[in-house]
Every structure is written in structure tokens, then in C-alpha cells.
Amino acid sequence: MGALEGKAAIVTGSSRGIGAEVARLLAAEGAAVVVNYRQKAPRANKVVARIEEAGGRAVAVGADLTSPEGAQALVDAAKENFGGVDILVLNASGGMETGLGEDYAMRLNRDAQLNMLAAAASAMPAGSRVVFVTSHQAHFIDSVPTMPEYEPVARSKRAGEDALREQLPALEAKGISLVVVSGDMIEGTVTATLLDRARPGAIEARRADAGKLYSVEEFGAEVARMAAADVPSGHTEYVGGAESFLRQAQPEG
Numbered sequence: 087m088g089a090l091e092g093k094a095a096i097v098t099g100s101s102r103g104i105g106a107e108v109a110r111l112l113a114a115e116g117a118a119v120v121v122n123y124r125q126k127a128p129r130a131n132k133v134v135a136r137i138e139e140a141g142g143r144a145v146a147v148g149a150d151l152t153s154p155e156g157a158q159a160l161v162d163a164a165k166e167n168f169g170g171v172d173i174l175v176l177n178a179s180g181g182m183e184t185g186l187g188e189d190y191a192m193r194l195n196r197d198a199q200l201n202m203l204a205a206a207a208s209a210m211p212a213g214s215r216v217v218f219v220t221s222h223q224a225h226f227i228d229s230v231p232t233m234p235e236y237e238p239v240a241r242s243k244r245a246g247e248d249a250l251r252e253q254l255p256a257l258e259a260k261g262i263s264l265v266v267v268s269g270d271m272i273e274g275t276v277t278a279t280l281l282d283r284a285r286p287g288a289i290e291a292r293r294a295d296a297g298k299l300y301s302v303e304e305f306g307a308e309v310a311r312m313a314a315a316d317v318p319s320g321h322t323e324y325v326g327g328a329e330s331f332l333r334q335a336q337p338e339g
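Under the working numbering, think of the first position of the sequence shown as 87, with each following residue one higher.
Dropping the structure here:
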């Protein structure tokens with residue numbers, strides 16, 4: 087019996103990378119998981135197959151979270167397959183892609199997060215947990231500058247975090263807690279790769295400043311841990327390399 091036995095989880099953006107690892111780990115603790123993908127069904131099906139081979143339960147659901155129907159499709163799948171939603175991991179993010187419109191980062195990193203929360207909260211019982219995944223570069227953007235190439239994404243993710251935090255009173259009235267997980271650049275992720283391509287040496291510079299950068303597996307484990315961690319609603323969990331950001335955000339004197 088895992089710690090999440092009998093629980094149902096939705097993990098957005100979970101066909102690869104951090105989201106896939108979080109889905110796998112939640113399932114390993116007993117949760118039934120909705121694995122979300124936008125376009126790559128075969129990749130999501132592989133995540134589901136891996137979970138099922140390990141004895142877990144999961145279903146892959148295609149949904150574009152920037153569309154009005156996307157969020158509800160995930161909630162409907164959780165209710166139909168697993169009876170409800172107890173854990174919502176808001177992992178899907180982006181904005182460095184080309185050809186999706188100038189407002190895509192804000193639509194995905196703020197508007198879609200709010201829509202997903204609204205859809206899920208209506209099906210979540212007291213005691214449920216929402217986990218929002220962000221980056222130090224976004225979390226601290228109002229006080230610590232980031233690379234120009236990443237700033238629009240960082241500001242949209244910070245806008246998403248702020249919008250979610252505005253929902254804290256309503257969530258707490260329902261007995262639903264919200265936790266934010268903020269991480270440094272993660273080795274092997276699409277965002278880190280794109281940033282290093284736009285600014286060669288960016289990953290190495292962050293690694294030197296932070297001492298080390300977490301892998302997808304290491305960071306995914308920290309996100310999954312927060313799904314049931316004994317922390318208060320509104321808590322921010324800093325994962326790796328936050329010391330330099332905290333020093334700059336709170337200068338001495």
C-alpha cells in the first residue's frame with residue numbers, strides 16, 4: 087500500500103520529462119494518474135504502459151490546455167476512470183516555441199493554469215492538493231533579472247503563480263491546499279536546451295553558480311513528494327540553487 091493509495095491525480099504536460107517522471111512516481115505510491123499530452127499520443131501511451139507494467143493505473147488524455155475544452159477533458163477523464171481528483175500537478179508550461187502567437191506564453195502559463203484549477207477544484211474533495219511547478223527565474227523575476235530570451239516566459243509564469251495564489255482563500259474554504267515548487271534550470275529539459283541554444287553557455291553558467299543542476303529524475307521526485315508533504319497551503323518549496331536568488335531578492339542592509 088503506497089502513501090497515495092485510493093487517490094487520483096492529474097499531471098499536466100506529462101508525456102515526457104518532469105511531468106512523466108512525476109506521473110510515474112505518483113503511480114508508484116498508489117495514485118491513479120491522468121497522463122496529459124497535447125499532440126504526441128504515442129509518447130503519452132508509453133508513459134501509461136510503463137506505469138501499468140509496474141502495477142499502477144493510468145490513462146492518457148490528449149488536451150490542449152489553452153483551449154476552453156482542454157481542462158475539462160482531463161477532469162472528466164479522472165472522474166470517469168478513477169472517480170474524481172485528489173491531486174492536481176500543474177506542470178505544463180512553455181512559451182519559447184515559435185509560431186504559436188505572441189500571447190502564447192501568457193495563455194499557457196497563466197490563463198490555462200487558472201482554467202485547469204477551476205475545472206479540477208469543482209471535483210476535488212477536502213484534503214486535496216494542488217502543486218504548481220515553476221522556476222527560480224520566474225518565481226524571482228520581479229526582483230532578480232533573468233536572461234532576456236527567457237524573460238517573457240518568466241513573467242508569464244510569475245503571472246500564473248500570482249493568479250493561483252489569489253485563489254488561496256477560495257481553495258482553503260474548500261479544504262484544498264496549494265503548494266508551489268520552484269526549481270533551477272533542469273538538465274535535459276526542453277526549456278534548458280532552448281535557452282542554451284539561444285545563449286550558448288547558459289546551462290554551464292547556472293551550474294557554476296548553483297553548484298549543481300538537478301536532473302529530470304531528481305526534480306521530478308521533489309515535485310511528486312510535495313503532492314502529500316506536510317506543509318501549509320501557500321508554501322513554496324525551493325529545489326536546488328535558490329540561495330543566490332534569495333540573496334539578490336533580499337539584499338543585506
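Just so it is clear, CB atoms sit at the ideal spot from N, CA and C, and this is done for glycine as well.
In this text, all values refer to a predicted model and were calculated from it rather than measured experimentally.
For ILE96, three-class secondary structure by DSSP: strand
Within 8 angstroms, do at least three Cβ pairs link the region 274-290 to the region 246-262? no
Output needed for ALA178: all residues of its chain with C-beta closer than 6 angstroms, excluding positions within five of it in sequence on either side, in chain order. THR98, GLY99, LEU151
DSSP beta-bridge partners of VAL325: GLY269
Would you call the region 289-305 and the region 250-264 in contact, with 3 or more CB pairs under 8 angstroms? no
Suppose the cutoff is 8 angstroms on Cβ atoms and the five residues either side in sequence are ignored; what does the same chain contact list for GLY88 look like? ALA114, GLU115, GLY116, ALA117
Just the Cα atoms here: how many angstroms apart are VAL171 and ALA335? 36 angstroms
To the nearest whole angstrom, what separates the beta carbons of TYR236 and LEU281, a pair I think is in contact under 8 angstroms? 6 angstroms
Same chain, Cβ closer than 6 angstroms to ALA205, five either side skipped, listed in chain order: ALA157, GLN158, VAL161
Leaving out five residues on either side along the sequence, give the residues of the same chain with a beta carbon under 6 angstroms from the beta carbon of ARG333. none
Between the Cα of ALA191 and the Cα atoms of SER208, MET202, LEU200, ALA240, which residue gives the shortest distance? ALA240
Grab the span of the alpha helix (DSSP H) containing ASN201 for me, first residue to last. 198-207
If you drop the 5 nearest sequence neighbours on each side, which residues of the same chain put their C-beta closer than 6 angstroms to that of PHE331? HIS222, PHE226, VAL230
Would a C-beta distance cut-off of 8 angstroms place VAL216 and LEU174 closer than the cut-off? yes
Would you check if there are 3 or more beta carbon pairs closer than 8 angstroms linking the region 119-134 to the region 92-111? yes
Decide if VAL317 is buried, meaning its Cβ has at least 16 other Cβ atoms within 10 Å, or exposed. exposed
Over what stretch of residues does the alpha helix (DSSP H) that includes THR277 continue unbroken? 276-284
Answer with buried or exposed for ALA127, where buried requires no fewer than 16 other C-beta atoms within 10 angstroms of its C-beta. exposed
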